[in-house]
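Novice: Handing you a structure now.
Protein chains: 2
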Amino acid sequence: MTISEVSEKYGMTQDTLRYYERVGLIPSVPRKPSGVRDYDEHSCGWVEFIRCMRSAGLPVETLIEYVRLWQEGSKTKAARKHLLIEEKKRLDKRIAEMQATQARLASKIAHYDNMNRVAETL
Amino acid sequence: MTISEVSEKYGMTQDTLRYYERVGLIPSVPRKPSGVRDYDEHSCGWVEFIRCMRSAGLPVETLIEYVRLWQEGSKTKAARKHLLIEEKKRLDKRIAEMQATQARLASKIAHYDNMNRVAETL
DNA sequence: TTACTACATGGTGTTCACTCAAAGTCAATA
DNA sequence: TATTGACTTTGAGTGAACACCATGTAGTAA
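Read top to bottom, the protein sequences are chains V and Y. Numbers 0 to 121, taken from numbering that gives the first Met the number 0, label the letters of the first sequence in order. Numbers 0 to 121, taken from numbering that gives the first Met the number 0, label the letters of the second sequence in order.
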């Protein structure tokens with residue numbers, strides 16, 4: 000697959016895909032003899048995984064570290080697991096915060112609804 | 000209350016509090032004759048509200064708009080409600096995305112656990 | 001009066017995560 | 001053959017949201 004196809008498929012710009020590869024967020028993508036990127040299953044898998052993690056706000060830096068460990072092979076399994084657990088903790092916390100705000104927004108909206116109803120019945 | 004007390008109370012820097020006021024994220028705070036900020040109940044309420052909304056990632060821009068509408072009085076109630084509903088929609092979506100990632104992380108971690116167990120029993 | 005502290009303003013710097021521009025290569029098409 | 005269009009790299013630029021700094025002043029303690 001070309002970069003434009005991957006860009007299309009996952010809804011990311013080509014610039015972002017090149018950037019991800021450049022900084023090590025995605026292991027280096029295979030090339031055609033001309034030097035043009037030719038994404039295979041493996042690379043696509045990484046793209047999809049990183050997109051998912053980034054969409055949840057995991058920092059680029061941390062994901063780079065994860066990819067780096069992954070490339071070092073099975074001896075880094077414990078470190079990778081640790082990294083994932085730490086990130087999940089942060090994520091859990093952020094979700095909890097967001098749910099609190101969600102509830103607060105809901106109640107504020109309900110309040111506006113009530114005001115409207117009061118206005119109508121007056 | 001002084002800015003340092005408010006900063007302490009809500010866990011935000013004085014710089015952030017001044018920044019929020021400057022860009023209109025918080026209605027202007029009353030001052031002592033000397034020009035020093037003297038936060039009252041009302042201002043503290045805004046600080047707390049904005050901190051909550053920001054912690055969930057609502058954009059500064061949108062919150063500025065909300066404050067602007069609020070200051071225009073009751074004729075903007077409908078607009079404010081609309082704004083809150085839109086932001087809640089975005090938040091709901093964002094939370095759903097993050098929960099998907101949360102589940103994915105959990106499963107990945109479980110996978111590492113399984114590998115360990117396999118290694119132990121071998 | 002001097003010293004000290006907390007505050008003020010205005011302007012610049014930083015970080016994160018891209019995003020774009022410039023200049024060049026390569027393959028296919030008119 | 002010439003041109004078009006997609007791709008390449010390197011490096012600089014952008015925007016959001018603060019963080020930091022220099023300089024100045026009000027209020028208080030010794």
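All residues carry an ideal CB built from backbone N, CA and C; glycine is no exception. Every value quoted in this text rests on a predicted model; they were computed, and no experiment measured them.
Mind checking if residue 55 (chain V) is an interface residue toward chain Y, Cβ cutoff 7 angstroms exclusive?
Specialist: As a working note, residue 55 (chain V) is residue 56 in the first sequence. Yes - at least one Cβ of chain Y is within 7 angstroms of the one on residue 55 (chain V).
Novice: May I ask which residues mark the beginning and end of the alpha helix (DSSP H) holding residue 52 (chain V)?
Specialist: Your numbering for residue 52 (chain V) matches position 53 in the first sequence. Residue 52 (chain V) -> alpha helix (DSSP H) spans 40-54.
Novice: With a CB to CB cut of under 8 angstroms and the five nearest residues on each side skipped, what residues in its chain are close to residue 3 (chain Y)?
Specialist: Locating residue 3 (chain Y) in the second sequence gives position 4, counting from the first residue. Cβ within range, chain order: 13.
Novice: Is it right to say residue 114 (chain Y) is buried, meaning 16 or more other beta carbons lie within 10 angstroms of its own, or is it exposed?
Specialist: On the second sequence, position 115 is the one that residue 114 (chain Y) refers to. The residue in question, residue 114 (chain Y), is exposed, as its Cβ has fewer than 16 Cβ neighbours within 10 Å.
Novice: Identify the contact partners of residue 105 (chain V) in chain Y, using a Cβ-Cβ distance below 8 angstroms as the criterion.
Specialist: For the purposes of this step, residue 105 (chain V) is taken as the residue at position 106 of the first sequence. In chain order: 87.
Novice: Could you name the residues of the segment 78-102 of chain V whose beta carbon sits closer than 8 angstroms to any beta carbon of chain Y, in the order they occur along the chain?
Specialist: 79, 80, 83, 84, 86, 87, 90, 91, 93, 94, 96, 97, 98, 99, 100 and 101
Novice: Taking the CB atoms as reference points, tell me whether residue 24 (chain Y) and residue 57 (chain Y) lie closer together than 7 angstroms.
Specialist: Start at 1 with the first residue of the second sequence, and residue 24 (chain Y) comes out as number 25. Start at 1 with the first residue of the second sequence, and residue 57 (chain Y) comes out as number 58. No, these two residues do not count as a Cβ contact at 7 angstroms.
Novice: Please compile the residues from chain V whose C-beta is within a distance smaller than 8 angstroms of the C-beta of residue 114 (chain Y).
Specialist: Against the second sequence, residue 114 (chain Y) aligns to sequence position 115. Result: 76.
Novice: Any chance the segment 81-99 of chain V sits against the segment 42-58 of chain Y, with 3 or more Cβ pairs inside 8 angstroms?
Specialist: yes
Novice: Indicate whether the contact test is met: 3 or more Cβ pairs, each with one atom in the segment 36-55 of chain Y and one in the segment 7-21 of chain Y, closer than 8 angstroms.
Specialist: yes
Novice: In the DSSP assignment, what are the bridge partners of residue 30 (chain Y)?
Specialist: Position 31 of the second sequence, counting from 1, holds the residue named residue 30 (chain Y). The partner list for residue 30 (chain Y) (beta bridge, DSSP) reads Y:36.
Novice: How about residue 107 (chain Y) and residue 83 (chain V): do their beta carbons lie closer than 7 angstroms?
Specialist: By one-based count along the second sequence, residue 107 (chain Y) stands at place 108. By one-based count along the first sequence, residue 83 (chain V) stands at place 84. Yes, Cβ-Cβ distance for residue 107 (chain Y) and residue 83 (chain V) is below 7 angstroms.
Novice: Would you mind sorting residue 35 (chain V) into buried or exposed? The rule is 16 or more other CB atoms within 10 Å of its CB.
Specialist: Here residue 35 (chain V) is taken as the residue at index 36 of the first sequence, counted from 1. Exposed, by the Cβ-count rule.
Novice: List, in order along the chain, the chain V residues whose C-beta lies closer than 9 angstroms to that of residue 25 (chain Y)?
Specialist: To locate residue 25 (chain Y), count along the second sequence from 1; it is residue 26. In chain order: nothing, as chain V lies at least about 17 angstroms away.
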